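For reference, the structure discussed in these notes is given below.
2 protein chains.
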Amino acid sequence: MSDPQFERLTLIGIGLIGSSIAHVARERQLAKEIVISTRSQETLNRAEELGLGDRYYLDAAEAVEGADLVILCVPVGANGAIAQWIAPSLAPGAILTDVGSTKTSVVNDIRPHVPDGVHLIPGHPIAGTEHSGPDAGFSTLFENRWCILTPEAGTDETALEKLKEFWKACGSTVDIMDVQHHDLVLAIVSHLPQLIAYNIVGTADDLETVTKSEVIKYSASGFRDFTRLAASDPTMWRDICLNNKDAILEMLARFSEDLSALQRAIRWGDGDSLFQLFERTRGIRKSIIEAGQDTDAPNFGRPIGTSSADDGSQNS
Amino acid sequence: MSDPQFERLTLIGIGLIGSSIAHVARERQLAKEIVISTRSQETLNRAEELGLGDRYYLDAAEAVEGADLVILCVPVGANGAIAQWIAPSLAPGAILTDVGSTKTSVVNDIRPHVPDGVHLIPGHPIAGTEHSGPDAGFSTLFENRWCILTPEAGTDETALEKLKEFWKACGSTVDIMDVQHHDLVLAIVSHLPQLIAYNIVGTADDLETVTKSEVIKYSASGFRDFTRLAASDPTMWRDICLNNKDAILEMLARFSEDLSALQRAIRWGDGDSLFQLFERTRGIRKSIIEAGQDTDAPNFGRPIGTSSADDGSQNS
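In order, the protein sequence lines correspond to chains A and B. Note that this note's numbering has the first sequence beginning at 1, numbered continuously upward. Note that this note's numbering has the second sequence beginning at 1, numbered continuously upward.
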């Protein structure tokens with residue numbers, strides 16, 4: 001096991017994931033120095049107010065100087081331009097990784113710019129919340145979650161080992177996966193659910209016969225579960241859609257086919273088919289709980305009789 | 001304000017909703033006596049072990065004798081047969097209500113059997129969890145939730161007032177709504193989300209290219225939110241689909257149209273349309289939280305780094 005500690009960790013982008021890495025790296029001493037760069041002065045100031053790093057730069061190239069670990073924590077669409085920007089300043093031997101939800105595009109966008117001697121190892125921590133920005137991060141976000149790395153053939157073993165230890169020290173279990181397979185897996189476990197959530201909230205918002213206030217009042221009957229995902233960062237999700245198009249379209253097509261069959265069963269009053277589908281989906285829930293990836297507490301363990309007052313106290 | 005206390009409350013069906021009513025009625029003394037009937041001997045025994053009522057019957061007709069409040073807590077498809085069974089035994093002046101998620105069908109199925117002098121007032125508490133059965137209930141399920149009543153024209157005002165006070169005493173806020181409108185509202189806030197959840201879990205389960213264990217491992221990236229709903233009682237949901245067909249088909253058609261537009265935007269790389277949709281859905285989430293119908297805590301306030309061990313302690 002190699003030492004998970006780095007000399008200088010540079011985070012490019014300081015949203016939910018970036019700020020969570022900053023918290024956990026500080027708390028567990030995973031880097032002697034944390035350098036933060038983000039493109040907006042306001043966000044950078046906020047990161048400084050929160051004390052997330054040791055040094056702060058608007059200039060990403062300056063920020064990566066001398067860093068032995070650079071993590072890109074920006075919407076995947078921004079990776080190419082940033083890679084081009086920072087490339088000349090990357091230290092020889094540095095590990096360059098990212099946290100994006102699409103990996104084929106990351107390799108395509110970043111790889112051409114990476115100088116020899118810098119270790120590009122694409123990564124993806126499977127963790128998040130619906131909140132975004134530098135205030136949203138917390139040190140336990142990666143606890144008991146998976147982190148997928150998609151190293152190319154010929155990746156330096158020592159660098160790979162060091163990055164694995166870093167993520168383990170953040171609380172995650174590391175999986176190694178092929179880039180293309182990663183994008184297919186994520187299309188079904190993450191991208192499709194996200195799009196379905198956005199879509200259903202949009203459909204409800206457009207109704208003429210049911211008012212918006214009715215949708216809000218009675219949302220505890222199921223709808224509210226979808227609104228959490230639909231509150232996620234729109235730029236991040238736009239970029240994911242544009243960068244994992246083929247896999248997402250494939251999953252959407254399958255979903256729509258299945259939905260047509262379900263619709264047909266309802267139209268023709270086919271109770272047996274409905275029961276069969278509704279019965280078999282229970283098993284997956286059980287497995288997810290057994291795997292420690294969700295809670296079995298009713299309603300995700302939401303505070304009972306959730307009210308605005310409850311929320312206030314929870315967030316303060 | 002009338003006294004919410006009844007002499008004898010009979011619950012037909014003792015699943016999540018029935019047992020929750022039993023708990024809250026006992027705790028807040030909303031009935032001097034609680035009588036429970038359910039069709040399976042095993043469930044009835046379990047209800048007795050849990051001490052949910054004062055008397056227990058397999059025979060629903062016997063159970064309703066002398067009751068001044070009878071609540072049907074069974075899947076909506078069972079209402080007609082039960083109404084026919086208990087009708088001759090209902091006490092004059094009794095209030096007969098239900099908790100089903102479809103109301104047009106309830107009126108159609110129950111109304112023909114109700115004797116003169118018995119007050120039929122269909123009802124629907126907008127509350128639940130993904131768990132079912134007599135062990136799933138708890139006294140605060142209805143706290144800060146809405147309960148919709150759909151009285152027909154000419155309903156006795158005193159009876160209606162008394163039932164309203166009962167639900168208020170359970171912790172709910174009561175809304176009065178037209179039957180047809182109820183079914184339309186519920187189709188979008190409850191039935192469509194439920195079907196979408198079942199459908200996406202089915203789609204994931206059918207993939208050949210992504211293994212089931214991968215779906216489970218990486219479910220924290222979005223998918224797991226859907227599996228909660230998809231773990232709900234299949235009989236209940238089959239009956240809802242069969243009994244609110246028209247409204248559900250209408251909502252499914254709208255959802256599918258919107259999904260096609262989204263799919264097209266992805267195929268053609270229309271980032272602006274994607275951003276627009278993803279941006280506007282945030283507002284609804286905010287309103288739901290402000291209305292006290294969900295928590296703003298990240299990930300619904302799930303225990304951080306949820307593991308099987310955490311769950312065990314939560315449920316014990």
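Quick reminder that beta carbons are idealized off the backbone N, C-alpha and C, glycines included. As the structure is a prediction and not an experimental result, all values here were calculated from the model.
- Neighbours of B/Asn199 across chain A, judged by C-beta separation under 7 Å: Phe255, Asp258, Leu259 and Leu262.
- Annotation for B/Gly53: no alpha helix (DSSP H) segment contains it, and DSSP assigns it neither H nor E.
- At least one CB of chain B lies nearer than 8 Å to the CB of A/Gly269.
- Within the DSSP bridge table, the entry for B/Val99 names no partner.
- Positions of the beta strand (DSSP E) runs, each at least 3 residues long and wholly inside the stretch 185–266 of chain B, cannot be given because no such run exists.
- In the structure shown, B/Trp146 adopts extended strand secondary structure according to DSSP, grouped into three states.
- Annotation note: the stretch 12–91 of chain A contains the following uninterrupted alpha helix (DSSP H) runs of length 4 or greater, listed N- to C-terminal: 16–27, 41–49, 60–64 and 79–86.
- Nearest C-alpha to B/Tyr57 among B/Glu65, B/Cys73, B/Thr38 and B/Leu72: B/Thr38.
- For A/Val64, the CB contacts under 7 Å within the same chain, skipping 5 residues up- and downstream, are Thr10, Val70, Ile86, Ser89 and Leu90 in chain order.
- The shortest C-alpha to C-alpha distance from A/Glu152 to any of A/Asp272, A/Phe6, A/Thr209 and A/Val106 is the one to A/Val106.
- Nearest C-alpha to A/Thr209 among B/His181, B/Met236 and B/Lys212: B/His181.
- Each residue's CA atom was taken as its position, placing B/Thr203 and A/Leu259 some 9 Å apart.
- For A/Asp175, the beta-bridge partners assigned by DSSP are A/Ile148.
- Counting only Cβ-Cβ distances below 7 Å, B/Ile288 has contacts in chain A at Ile216, Ser219, Arg224 and Thr227, in chain order.
- About 13 Å separates the CB atoms of B/Thr129 and A/Pro303; that is not less than 8 Å, and the two are not in contact.
- Neighbours of B/Leu274 in chain A, taken as residues at a C-beta separation under 7 Å, are given in chain order as Arg238 and Cys241.
- Against chain B, the beta carbon of A/Thr209 has neighbours under 7 Å at Leu184, listed in chain order.
- Under the 8 Å Cβ criterion, the stretch 171–188 of chain B does not count as touching the stretch 42–62 of chain B, having fewer than three qualifying pairs.
- Rounded to whole angstroms, the gap between the alpha carbons of B/Asp294 and A/Thr227 is 10 Å.
- Annotation for A/Gly283: the continuous alpha helix (DSSP H) segment containing it runs Arg282 to Glu290.
- Taking 4 residues as the shortest admissible run, the stretch 93–141 of chain B contains the following complete alpha helix (DSSP H) segments, listed from N- to C-terminal end: 104–110.
- As the crow flies, the alpha-carbon of B/Lys162 is around 20 Å from that of B/Leu141.
- Interface flag for B/Val189 against chain A is set, since a Cβ pair is found closer than 8 Å.
- Exposed is the label assigned to B/Lys32, since fewer than 16 other Cβ atoms lie within 10 Å of its Cβ.
- B/Pro303 belongs to the set of residues whose beta carbon lies under 8 Å from a beta carbon in chain A.
- When rounded, the separation of the alpha-carbon atoms in A/Arg46 and A/His131 is 16 Å.
- Contact annotation: B/Leu52 and B/Gly13 have beta-carbon atoms that are not nearer than 8 Å.
- The residue among A/Arg264, A/Arg254 and A/Arg238 with its C-alpha nearest the C-alpha of B/Ala265 is A/Arg238.
- Cβ neighbours of A/Cys170 within its own chain (closer than 6 Å, five residues either side excluded): Val24 and Phe142.
- Proximity of A/His23 to chain B, defined by a Cβ-Cβ separation below 8 Å, is not satisfied.
- Closer than 8 Å to the CB of B/His131 there is at least one CB belonging to chain A.
- For A/Asp205, a Cβ of chain B is located within less than 8 Å of the residue's own Cβ.
- Among the CB atoms of chain A, none fall inside 8 Å of the CB of B/Phe166.
- The closest CA to that of A/Phe138, considering only A/Pro75, A/Ala127, A/Gln5 and A/Gln194, is found on A/Ala127.
- For A/Gly80, the closest alpha carbon among the candidates A/Ala61, A/Gly301 and A/Asn108 is that of A/Asn108.
- The alpha-carbon separation between A/Phe278 and A/Asn243 amounts to approximately 33 Å.
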